[in-house]
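**Q**
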Amino acid sequence: MSSKNKLFTDGLAAAASAGLREDRKPATRMGGVLGDRRNRLAEMAGGLAQTKTHLSVDPARCRMWGEHNRDYAALTYENCHDLIESLKAQGHQEMPAIVRRLKDDPDYEFEVICGARRHWAISWLRANTYPEFRFIVEPRELTDEQAFRIADLENRARQDLSDYERARDYLKGLGLYYGNEQKAMAERLRVSESWLSRYLDLARLPAAVIGAFASPHDMRIKHVMKLKPLLKNIDTRRRVLDAAAKIADMRKRDHSYLTEAPAVVRELQKAAEKPEPAPRSAAGASTIERPSDGRTVVTINRRSGKSLAVTFHLADLKSRAQGHEALNLLLDQYWPEGQED
1 MSSKNKLFTD
11 GLAAAASAGL
21 REDRKPATRM
31 GGVLGDRRNR
41 LAEMAGGLAQ
51 TKTHLSVDPA
61 RCRMWGEHNR
71 DYAALTYENC
81 HDLIESLKAQ
91 GHQEMPAIVR
101 RLKDDPDYEF
111 EVICGARRHW
121 AISWLRANTY
131 PEFRFIVEPR
141 ELTDEQAFRI
151 ADLENRARQD
161 LSDYERARDY
171 LKGLGLYYGN
181 EQKAMAERLR
191 VSESWLSRYL
201 DLARLPAAVI
211 GAFASPHDMR
221 IKHVMKLKPL
231 LKNIDTRRRV
241 LDAAAKIADM
251 RKRDHSYLTE
261 APAVVRELQK
271 AAEKPEPAPR
281 SAAGASTIER
291 PSDGRTVVTI
301 NRRSGKSLAV
311 TFHLADLKSR
321 AQGHEALNLL
331 LDQYWPEGQE
341 D
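Position one of the sequence shown corresponds to residue 1 (UniProt numbering), numbered consecutively onward.
(1) Assuming contact is defined by CB atoms lying nearer than 8 Å, are residue 174 and residue 182 in contact in what I supplied?
(2) To the nearest angstrom, report how far apart residue 90 and residue 133 are at their CA atoms.
(3) What residues match up with residue 297 in a beta bridge as DSSP calls it?
(4) What residue from 285, 251, 333 and 213 has the CA that sits closest to residue 266's CA?
(5) Return the first residue and the last residue of the beta strand (DSSP E) that residue 307 is part of.
(6) Given residue 120, which residues of its chain have a CB within under 8 Å of its CB, disregarding the five upstream and five downstream residues?
(7) Please report how far the alpha carbon of residue 322 lies from the alpha carbon of residue 209, in whole angstroms.
(8) Would you report the Cα separation of residue 218 and residue 145, rounded to the nearest angstrom?
(9) Just to confirm the assignment, what range does the beta strand (DSSP E) spanning residue 64 have?
(10) Among 141, 169 and 139, which has the Cα closest to the Cα of residue 153?
(11) Suppose contacts are defined by Cβ-Cβ distances below 8 Å. Is residue 140 in contact with residue 109 by that definition?
(12) Can at least three beta-carbon pairs, one atom from the segment 230 to 241 and one from the segment 184 to 200, be found at a separation below 8 Å?
(13) In terms of residue numbering, what span does the alpha helix (DSSP H) encompassing residue 262 cover?
(14) Among the candidates 200, 194, 162 and 163, whose CA atom is the shortest distance from the CA of residue 180?
(15) For residue 213, write down the residues that DSSP places opposite it in a beta bridge.
(16) For residue 86, report the span of its alpha helix (DSSP H) as first-last.
(17) Based on DSSP bridge pairs, tell me the residues matched to residue 97.
(18) Whole angstroms is fine: what's the gap from residue 326's alpha carbon to residue 336's?
(19) Any idea what DSSP makes of residue 132, helix, strand or coil?
(20) Under 7 Å Cβ to Cβ from residue 26, same chain only, skipping five residues before and after it: list those, please.
(21) For residue 195, is the classification buried or exposed, using 16 other Cβ atoms within 10 angstroms of its Cβ as the cut-off for buried?
Take a look at the structure:
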């Protein structure tokens with residue numbers, strides 16, 4: 001036996017015996033090619049490393065996981081063009097997709113946990129004069145919650161996954177896996193609660209606001225941070241929702257109308273800031289204007305000599321201080337200071 005083979009055999013025996021000792025000490029890593037082989041064997045024997053199986057399969061035998069965070073229907077040649085060109089240049093798929101084996105579906109053998117875009121690109125290549133391409137997958141045994149976390153971790157740094165896709169996925173996962181406990185979900189995903197909250201806020205935006213954008217995938221977290229405060233007040237919320245509905249209606253008639261997300265946000269902000277016109281006073285009614293801006297804050301309808309019907313214009317009374325000012329103006333008009341009882 002050559003000295004190299006003997007060294008390798010000795011390493012195999014040492015690794016096996018190391019795996020049997022319960023009180024084994026941390027192994028000292030060795031350098032060189034043979035040292036790397038011995039280190040790998042020792043790690044495997046000690047349970048510190050796992051072997052991974054990569055398979056080459058027909059993408060038609062794979063379906064998307066039902067809770068996949070990618071909007072597969074939104075994938076097109078245009079938004080997968082960079083990946084397609086990279087695959088063509090390399091001649092094969094470098095990074096395997098993570099999948100689970102299926103046991104109860106005769107039409108599919110695997111479901112894709114991570115790798116929807118790779119699946120789409122390989123399928124496109126096979127259908128467009130590149131039939132030699134195969135889908136490289138790594139099968140794993142995963143619970144749904146584990147699959148959710150792995151998919152999130154792989155896609156979190158990807159620029160091609162929209163904020164809206166992430167947000168929708170987080171909101172769904174919050175209910176499915178974490179009992180709607182945001183703190184528990186943040187801990188499992190190893191993110192801050194405030195970071196997670198911003199995505200959940202995006203997913204919870206009213207449908208009318210989402211419909212104001214040319215595509216929900218155009219929405220960003222920074223847009224939500226500007227819109228969320230406008231939806232808290234009942235008056236500004238109504239104005240924002242009305243403006244959003246008008247934008248969506250206008251775009252149905254003119255597809256080029258407000259297609260850029262920042263322009264939509266600015267339009268909704270303007271709608272929230274625009275005060276509603278004061279209602280017209282009925283015949284015989286009098287009004288009280290606020291001295292600082294001339295806005296009508298009180299309307300008085302005299303019913304009889306013994307009673308008044310008073311209307312406070314809440315749209316222009318944004319705070320307790322402004323309400324107090326309006327009340328004082330009313331009192332000063334009908335019961336001036338110094339008036340005797």
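All C-beta atoms in this analysis are idealised placements derived from N, C-alpha and C, irrespective of residue type, glycine included.
**A** With the structure as the only source:
(1) Against a cut-off of 8 Å, the Cβ pair of residue 182 and residue 174 comes out as a contact.
(2) Whole-angstrom Cα-Cα distance: 11 Å.
(3) Among the bridge pairs identified by DSSP, residue 297 is matched with none.
(4) Of the listed residues, the one whose Cα sits closest to residue 266 is 213.
(5) Residue 307 -> beta strand (DSSP E) spans 307 to 312.
(6) Around residue 120: 72, 75 and 80.
(7) Roughly 30 Å between the two C-alpha positions.
(8) Going by the C-alpha atoms only, they are around 28 Å apart.
(9) Annotation for residue 64: the continuous beta strand (DSSP E) segment containing it runs 62 to 64.
(10) Nearest in C-alpha terms to residue 153, of all of 141, 169 and 139, is 169.
(11) Between residue 140 and residue 109, the C-beta gap is not smaller than 8 Å, which leaves the two residues out of contact.
(12) Segments in contact, no.
(13) Annotation for residue 262: the continuous alpha helix (DSSP H) segment containing it runs 261 to 273.
(14) Among 200, 194, 162 and 163, the Cα nearest to that of residue 180 is on 200.
(15) Residue 213 is not bridged to any residue.
(16) Run containing residue 86: 77 to 90, per the alpha helix (DSSP H) assignment.
(17) According to the DSSP secondary-structure assignment, residue 97 is paired through a beta bridge with 137.
(18) Answer to the nearest angstrom: the Cα atoms are 14 Å apart.
(19) It is coil, neither helix nor strand.
(20) Per-residue confidence for residue 26 stands at a pLDDT of 41, beneath the threshold of 50, marking its modelled position as unreliable; the derived number appears in the next sentence. Cβ within range, chain order: n/a, list empty.
(21) A residue is called buried once 16 or more other Cβ atoms fall within 10 Å of its Cβ, and residue 195, having fewer, is exposed.
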